[in-house]
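Trainee:
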Amino acid sequence: MSLVIRRIAVKNFRKFRAPVVIEGLTDGLNVVIEPNETGKSTLLEALRAAFFVRFNTRNQLAQSFAPHGDAVGPEVEVVFDVDGAPWSVTKHFLRSASVEVSGPQGRAQGEEAEARLNALLGSVRDTSRGGDVATYGALGLLWVAQTEALSVTAPGQIVRDSVTSELETEVGSIMGGAAYRRVRDRVEAQYELYWTPTGQKRGRQTEARERLEAAKTTAREAADRLAMLERSFSDVEAARSRLKIIQREMADNTDAQTRSGLVASLDIARAAAQILTTRRAEQEAINAKVKALADLRQRHDDATRARTHADAALAHAREQRLGFADALSAAKQKVVDARTSLDFARMERQAARTALAEGEERIRQSRRGAAIQAARRRHADLLKLEEQHSTVKALSDTAIAPKVLTSLEAHDRAVAEAQAVVNAGATRIALSGSADGITIDGKPMALGARALDREVQICFGAAELQITPPTSAASAAEALASALRKRKTALDDLGVVDLAAARARNEIARDAAADLRTLEVRIEAATSADDVLQLAAGSAALKLFVAEFGEEEAVGGEELPDIAALTKAMETADSAAARAEGAQDSAIEALRRAEQEEAPLVTAEARATSDVANAVSALETIERRPEWATLTEDLVKTREQAAEASVKVEDALRDASAHDVAAITRKIELIDAKARTTGETRTRLETDIARLEGTIESEGGLGLADRTAAASEEVEVASLALQRVTDEAETLKALRSTLDAARNETSAKFVGPVAARAKRHIERLLPGCELTFSEDLGLESVIRAGVDESCSSLSRGTQEQLAVLTRIAFADMLLEQGNPVSLILDDPLVYSDDARLDTMIEILSEAATRMQVVLLTCRDRAFRHVAGNRIAL
Numbered sequence: 003m004s005l006v007i008r009r010i011a012v013k014n015f016r017k018f019r020a021p022v023v024i025e026g027l028t029d030g031l032n033v034v035i036e037p038n039e040t041g042k043s044t045l046l047e048a049l050r051a052a053f054f055v056r057f058n059t060r061n062q063l064a065q066s067f068a069p070h071g072d073a074v075g076p077e078v079e080v081v082f083d084v085d086g087a088p089w090s091v092t093k094h095f096l097r098s099a100s101v102e103v104s105g106p107q108g109r110a111q112g113e114e115a116e117a118r119l120n121a122l123l124g125s126v127r128d129t130s131r132g133g134d135v136a137t138y139g140a141l142g143l144l145w146v147a148q149t150e151a152l153s154v155t156a157p158g159q160i161v162r163d164s165v166t167s168e169l170e171t172e173v174g175s176i177m178g179g180a181a182y183r184r185v186r187d188r189v190e191a192q193y194e195l196y197w198t199p200t201g202q203k204r205g206r207q208t209e210a211r212e213r214l215e216a217a218k219t220t221a222r223e224a225a226d227r228l229a230m231l232e233r234s235f236s237d238v239e240a241a242r243s244r245l246k247i248i249q250r251e252m253a254d255n256t257d258a259q260t261r262s263g264l265v266a267s268l269d270i271a272r273a274a275a276q277i278l279t280t281r282r283a284e285q286e287a288i289n290a291k292v293k294a295l296a297d298l299r300q301r302h303d304d305a306t307r308a309r310t311h312a313d314a315a316l317a318h319a320r321e322q323r324l325g326f327a328d329a330l331s332a333a334k335q336k337v338v339d340a341r342t343s344l345d346f347a348r349m350e351r352q353a354a355r356t357a358l359a360e361g362e363e364r365i366r367q368s369r370r371g372a373a374i375q376a377a378r379r380r381h382a383d384l385l386k387l388e389e390q391h392s393t394v395k396a397l398s399d400t401a402i403a404p405k406v407l408t409s410l411e412a413h414d415r416a417v418a419e420a421q422a423v424v425n426a427g428a429t430r431i432a433l434s435g436s437a438d439g440i441t442i443d444g445k446p447m448a449l450g451a452r453a454l455d456r457e458v459q460i461c462f463g464a465a466e467l468q469i470t471p472p473t474s475a476a477s478a479a480e481a482l483a484s485a486l487r488k489r490k491t492a493l494d495d496l497g498v499v500d501l502a503a504a505r506a507r508n509e510i511a512r513d514a515a516a517d518l519r520t521l522e523v524r525i526e527a528a529t530s531a532d533d534v535l536q537l538a539a540g541s542a543a544l545k546l547f548v549a550e551f552g553e554e555e556a557v558g559g560e561e562l563p564d565i566a567a568l569t570k571a572m573e574t575a576d577s578a579a580a581r582a583e584g585a586q587d588s589a590i591e592a593l594r595r596a597e598q599e600e601a602p603l604v605t606a607e608a609r610a611t612s613d614v615a616n617a618v619s620a621l622e623t624i625e626r627r628p629e630w631a632t633l634t635e636d637l638v639k640t641r642e643q644a645a646e647a648s649v650k651v652e653d654a655l656r657d658a659s660a661h662d663v664a665a666i667t668r669k670i671e672l673i674d675a676k677a678r679t680t681g682e683t684r685t686r687l688e689t690d691i692a693r694l695e696g697t698i699e700s701e702g703g704l705g706l707a708d709r710t711a712a713a714s715e716e717v718e719v720a721s722l723a724l725q726r727v728t729d730e731a732e733t734l735k736a737l738r739s740t741l742d743a744a745r746n747e748t749s750a751k752f753v754g755p756v757a758a759r760a761k762r763h764i765e766r767l768l769p770g771c772e773l774t775f776s777e778d779l780g781l782e783s784v785i786r787a788g789v790d791e792s793c794s795s796l797s798r799g800t801q802e803q804l805a806v807l808t809r810i811a812f813a814d815m816l817l818e819q820g821n822p823v824s825l826i827l828d829d830p831l832v833y834s835d836d837a838r839l840d841t842m843i844e845i846l847s848e849a850a851t852r853m854q855v856v857l858l859t860c861r862d863r864a865f866r867h868v869a870g871n872r873i874a875l
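Each position in the sequence shown, counted from 1, maps to that position plus 2 in this note's numbering.
(1) In whole angstroms, what separates the C-alpha of residue 25 from that of residue 796?
(2) Quick check on DSSP: helix, strand or coil for residue 172?
(3) Kindly indicate which residue of 433, 391, 496 has the alpha-carbon position closest to the one of residue 407.
(4) How would you call residue 479, buried or exposed, if buried means at least 16 neighbouring beta carbons within 10 angstroms?
(5) Classify residue 461 as helix, strand or coil using the three-state DSSP reduction.
(6) What did DSSP end up calling residue 390 once you bin it into helix, strand or coil?
(7) Just to confirm before moving on: does the CB-CB distance between residue 309 and residue 607 stay below 7 Å?
(8) By how many angstroms is the C-alpha of residue 627 removed from the C-alpha of residue 611?
(9) Beta-carbon within less than 6 Å of residue 135's beta-carbon, same chain only, minus the 5 sequence neighbours each way: which residues are those?
(10) If you measure between the beta carbons of residue 831 and residue 36, is that distance less than 7 Å?
(11) How should residue 862 be labelled, buried or exposed, when 16 other C-beta atoms within 10 angstroms of its C-beta is the threshold for buried?
(12) Since residue 109 sits in a beta bridge, which residues does DSSP pair it with?
(13) Span of the alpha helix (DSSP H) holding residue 522?
(14) Report all residues from its chain with a CB closer than 8 Å to the CB of residue 285; omit the five preceding and five following residues, and keep chain order.
(15) Using alpha carbons as the reference points, say which of 587, 804, 461 lies closest to residue 842.
(16) Rounded to whole angstroms, what's the CA-CA distance from residue 215 to residue 195? Just pull it up for me.
(17) In whole angstroms, give me the CA-to-CA distance for residue 799 and residue 808.
(18) Check each candidate in 513, 464, 362, 335 and name the one with the smallest Cα separation from residue 399.
(19) Would you kindly work out how many angstroms separate the C-alpha atoms of residue 342 and residue 348, rounded to a whole number?
(20) Rounding to the nearest angstrom, what Cα-Cα distance links residue 245 and residue 714 in this structure?
(21) If we call anything under 7 Å between Cβ atoms a contact, is residue 53 one with residue 8?
(22) For residue 352 and residue 537, what's the separation of their Cα atoms in angstroms?
(23) CA-CA distance, residue 598 and residue 305?
(24) Distance check for residue 600 and residue 367, CA to CA, integer angstroms please.
(25) Is it buried or exposed, residue 532, if we count other Cβ atoms within 10 angstroms and call 16 or more buried?
(26) Please tell me whether residue 373 and residue 534 are closer than 7 Å, where the distance is taken between their beta carbons.
(27) Using three-state DSSP, classify residue 15 as helix, strand or coil.
(28) Straight-line CA distance for residue 39 to residue 491?
(29) Drop a sphere of 10 angstroms on the beta-carbon of residue 856, count the other beta-carbons inside from all chains shown, and report buried for 16 or more, exposed for fewer.
(30) Could you give the distance in angstroms between the alpha-carbon of residue 234 and the alpha-carbon of residue 686?
(31) Count the other CB atoms, across all protein chains shown, that sit within 10 Å of the CB of residue 128; report buried if there are 16 or more and exposed otherwise.
(32) Report the partner residues of residue 203 according to the DSSP bridge assignment.
(33) When the Cα atoms are used, what is the spatial distance from residue 693 to residue 221?
(34) Name the DSSP bridge partner or partners of residue 630?
(35) Between which two residues does the alpha helix (DSSP H) carrying residue 430 extend?
(36) If you draw a straight line from the alpha carbon of residue 16 to that of residue 846, how long is it in whole angstroms?
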């Protein structure tokens, strides 16, 4: 069924701020010719908005409907017919958004109106931000905005579903159509319950596995609880026995009596211990004084001996170091000489390396120069070959098509046949003897025979002879003249004088075509790649190189260096440098050993000097102390006081030994700890008994044995369920793979009917071509003269023409299926030449007899002659 738009009213929609009404649209071809920026594309966008953009959406596309800088609500109203029934839709966007649809079933608003539009037009809800024409159904394919038809694209999924459901009846298969999709969707829905898109387990498989794991966990927990209950019975009896023992120990009071006696003895022991502490403190003070005075004496003696030894060591160290100075100086001079030799060897090595690098560079430049000269020669050869190629190509292009040559032969046959007819119907006369005084049509008559195909007058002096040929001779003569004119026109169009010349030109063109292939091979050989110049293969690369580097002077005329000699010189210099480095390392090592041998002497001298200074300083410090003057007398006196203190400590120790405070305290603490531990043990046992009795009371009546058995049964059931689910999942995976394989085998059956319908339109534009379609029903390539050309490699104009023609083919198929169809083209055929433009207009005019066609264009000169309903904005 056809969809016919009757009226369009737009307000506050992009550039249409003021209300704009388009009326008078008819069923057939409607042409809108207006200059740029008058709103043709905006009009098509308003139609799409009215039919396919939801009224309450605020996406990026809907926001673009509002005029720039105005906070208004865009409005669109469309009146149209579907299969002869009147419909209308009115939509308000953004501000006070609303929609109202009127039709044979009455009025509808809001979501109901949107659903009615989708059902009527075969579209689906568009959830994209910028508008997805694939969701618009058939009209998304047939309402073509600017530049949308500049390349051949496949129809959307909705159109493919509609077309494939129609083609199922023709190809006798459900694969690829609506029936297949229902089966495939059902299998896919079941597949998704078991597998992820990447083939990982999920859903029912995961649930079955989790059920098995949960059952195993439950069974394990039940068995653990049953075992714990059984242990609780034995543990409570053991705790009760231990509690009785603890209670008997706590009833015995022997430890309490012992503790009372120890507390009484502790006071006496503490007093004796205090006296002992005092005596020991007095003894320590006296001993410390004795030790300090004795230490002072000892330090003075030690400092005196240290100074003597240090003076002797210092003299010995200075003597040894003086004898080693000459050897150290010689080692240092050897290091200097080795460094000088190494520097010279390194300079020689660098010079050898530089000479080798320069020689290699000269060799490289020589090779590059030779390559450049070869490239220039190849470039010169290439120019000659290309010139020959151009000449031969021009000759090859003069070939006359077999069809045209056949036409020329037909013209020759027509002339011969017409000449034969003229000769057969003409009156023949012959004059012999003397022709003096004889004229024909007022002109002297020549001797000989002639054929007369018209009325003539022959005069013999005063006598006149009138000869009238048959009436058929005139028409035969006219037919001959017409045949001659046609043959001349055909020969003039080809630029040849006769049929033989045309055949000769064809022979020359055929030979030129063979020469052309030979020249192409020679050009390819002349433009091979060159690794030295980093030059790629091809004539363009060679020309670019010569253009950019053609003036570079070729190096290579001078004598080339001896790389082997330079390499040997560099190796010799490397060896000399290595030997110099070894000599320097040896000299440095000898100096290091000499310095290491000298280092202990230097250290000894420094140490001896420091020891002398320290000893002198220590003696001076000791002798400046105030107690140094009376040190001997004070030392004797303090030693006597220390002896008296020792006697007092011995007396106090005897008194304190009778009562040991620490021992008595340890005994009391041991008795207290024993009583505390016994109480804690009783409390813990009572707690354990109460806990175990509670566990027995709470767990004993729960039927743990029955639970354990039930959990084991659940494990078995879950294992069987997991196996069943796994089998189902594998079956679905195999079924899904089988369906995909079957679909691939049968998908090619659909493109045949599509190609047949499209070819009847494209045949008029590209005679003798074959079409190939992809599985998604998109035009993939065109086969002409045995050559398969991808649509993407065709010119923009041809792609645009094919895109329009395939849309017409799909429109016809959708019409056959009963879908609402109309064709709107915005600025179509912008790259078409005049001949193809006329052909395309004829095809569109023919399509307008089956559906409404609306052309929106700014090209008045190209479309002014098109017969159709003219609409002005």
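Virtual Cβ for every residue (Gly too), placed ideally from N, Cα, C. Source: prediction; values computed, not measured.
Mentor: On the basis of the supplied data:
(1) 39 Å
(2) Because the pLDDT of residue 172 is 48, which lies under 50, any placement of that residue in the model is unreliable, and the question is left without a value.
(3) 496
(4) buried
(5) strand
(6) helix
(7) no
(8) 25 Å
(9) 142
(10) no
(11) exposed
(12) DSSP links residue 109 through a beta bridge to 104.
(13) 501-528
(14) 644, 647, 648, 650, 651
(15) Nearest of 587, 804, 461 to residue 842, Cα basis: 804.
(16) 20 Å
(17) 14 Å
(18) 513
(19) Going from the Cα of residue 342 to the Cα of residue 348 covers about 10 Å.
(20) Cα-Cα distance, rounded: 40 Å.
(21) no
(22) Going from the Cα of residue 352 to the Cα of residue 537 covers about 34 Å.
(23) 32 Å
(24) Going from the Cα of residue 367 to the Cα of residue 600 covers about 60 Å.
(25) Buried, by the Cβ-count rule.
(26) Yes, the Cβ-Cβ distance between residue 373 and residue 534 is below 7 Å.
(27) strand
(28) Using only the alpha carbons, I get a separation of about 48 Å.
(29) Residue 856 should be labelled buried.
(30) 16 Å
(31) It is buried - the Cβ of residue 128 has at least 16 other Cβ atoms within 10 Å.
(32) 197
(33) 25 Å
(34) Paired residues: none, contrary to the question.
(35) Counting along the chain, residue 430 sits inside no alpha helix (DSSP H); it lies in the beta strand (DSSP E) bounded by residues 429-433.
(36) 30 Å
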